[in-house]
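Asker:
Protein chains in written order, with the numbering used here: chain A, 1 to 180; chain B, 1001 to 1113.
1. Along the chain, where does the beta strand (DSSP E) containing residue 1077 of chain B start, and where does it finish?
2. Residues of chain B with CB closer than 9 Å to the CB of residue 45 of chain A, please, in chain order.
3. Determine the closest residue to residue 46 of chain A out of A:29, A:40, A:62, with distance taken between C-alpha atoms.
4. Counting contacts by CB-CB distance shorter than 8 Å, is residue 1048 of chain B in contact with chain D?
5. Could you check if residue 3 of chain A is buried or exposed, using at least 16 other CB atoms within 10 Å of its CB as the buried criterion?
6. What does DSSP give as the partner residue(s) for residue 37 of chain A in the beta ladder?
7. Looking at the C-beta of residue 103 of chain A, does it have a partner C-beta in chain B at a distance below 8 Å?
8. Give a yes or no on whether the minimum CB-CB distance between residue 1072 of chain B and chain A is below 8 Å.
9. Please list the terminal residues of the continuous alpha helix (DSSP H) segment that includes residue 173 of chain A.
10. Alpha carbon to alpha carbon, how far is residue 1050 of chain B from residue 107 of chain A? Give it in angstroms, no decimals.
11. Nearest to residue 27 of chain A by CA position, among A:39, A:17, A:49, is which residue?
12. Which residues, in order along the segment 1007-1036 of chain B, keep a beta-carbon less than 7 Å from a beta-carbon of chain A?
13. Between the C-alpha atoms of residue 105 of chain A and residue 1097 of chain B, what's the straight-line distance to the nearest angstrom?
14. With DSSP collapsed to three states, give me the class of residue 1070 of chain B.
15. Measuring only between beta-carbons, confirm whether residue 1078 of chain B sits less than 8 Å from chain A.
16. My output table needs one value for residue 149 of chain A: the three-state DSSP class, helix, strand or coil.
17. Just the C-alpha distance for residue 101 of chain A and residue 24 of chain A, rounded to the nearest angstrom, thanks.
18. Roughly how many angstroms separate the alpha carbons of residue 1024 of chain B and residue 1083 of chain B, rounded to a whole number?
19. What runs of the beta strand (DSSP E), each 3 residues or longer, lie entirely inside the segment 55-84 of chain A?
20. Just to confirm the assignment: which complete alpha helix (DSSP H) runs, minimum length 4, are found wholly within the segment 1024-1057 of chain B?
21. Starting from residue 1051 of chain B, find everything on chain A with Cβ-Cβ shorter than 9 Å and list it in chain order.
22. Shorter than 8 Å from the beta carbon of residue 1068 of chain B to some beta carbon of chain A?
23. Can you tell me which residues form a DSSP beta bridge with residue 122 of chain A?
24. Would you check whether the ligand SAH has a heavy atom nearer than 7 Å to the C-beta of residue 1085 of chain B?
25. So, helix, strand or coil for residue 97 of chain A, using DSSP?
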């Protein structure tokens, strides 16, 4: 049998997994069902019947507990793929009803705290390393020309402003959940 | 025996409360989900992500314990502490409901639901 697939490149921010879920749902409505995705943000879709399918992402880095998978499968969820610590689950909608893997704000917030702690672990050492280098770089930049200054500003944004922005966005999501 | 610091556990969230009640009969995850939907008269449904997290938390707190494992399904039961915490929660809920009933009686006829 011949199956038609398409590939799409799409960037999603880690604090916007709900937008990604919505996008995957929209694709399914047009008959494109997620098959694989990789760490380069390339998604492969296989063509089928248009359907209302709920997609849900769960951030669970590390080796997966078989009981976790079994529990989701028992509840009617299909494990589509897992990449970079993200588990992709989907479930066909019954009478337009969207199912949820997290049914209260507290457990949804706990998933975001997991994301937060990993982000901190990854980003903070990079920031500290850069900060120590910046001292050295700034003395060079002051005696050097505009190129050195440009590198200095670029590195500051990439290594300090950006990580802080990511952490702030995740915190904002958690805060919003707290207010229901 | 009952030197439990109840403040550490109470009040239970609605989901946790129903999970503990459903564990009055030891069972595995999916059976819990179905039972909670039934005993809450359809008011509460528990998603697998929420339940998986609840199991981990309750087990760490010593309120539930794993009793068996079959085909990648873990069954849990209440511990003695789990039962005590649940009983104390029910006692407090009864006080809340009594207070609520007193309020309803104070309303003019017809406004109480």
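Virtual Cβ for every residue (Gly too), placed ideally from N, Cα, C.
Note that this is a predicted model, so its numbers are computed, not measured.
Answerer: Considering the structure as presented:
1. 1073-1078
2. In chain B, no part has a C-beta under 9 Å from the C-beta of residue 45 of chain A; the shortest such distance is about 24 Å.
3. Among A:29, A:40, A:62, the Cα nearest to that of residue 46 of chain A is on A:29.
4. Among the chains of the structure shown, chain D does not appear; the protein chains present are A and B.
5. exposed
6. A:43
7. Closer than 8 Å: yes.
8. Taking 8 Å as the CB threshold, residue 1072 of chain B lines the interface with chain A.
9. 162-178
10. 5 Å
11. A:49
12. Cβ contacts with chain A: 1013, 1015, 1029, 1030, 1033.
13. As the crow flies, the alpha-carbon of residue 105 of chain A is around 25 Å from that of residue 1097 of chain B.
14. Annotated three-state conformation of residue 1070 of chain B is strand, per DSSP.
15. no
16. For residue 149 of chain A, the three-state secondary structure derived from DSSP is helix.
17. 16 Å
18. Distance between the alpha carbons of residue 1024 of chain B and residue 1083 of chain B: 8 Å.
19. 78-83
20. 1029-1039
21. 71, 75, 103, 107
22. no
23. Bridge partners of residue 122 of chain A: none, in fact.
24. Only the bare structure without any ligand can be found here, which leaves the ligand SAH out of the picture.
25. It is a strand residue.
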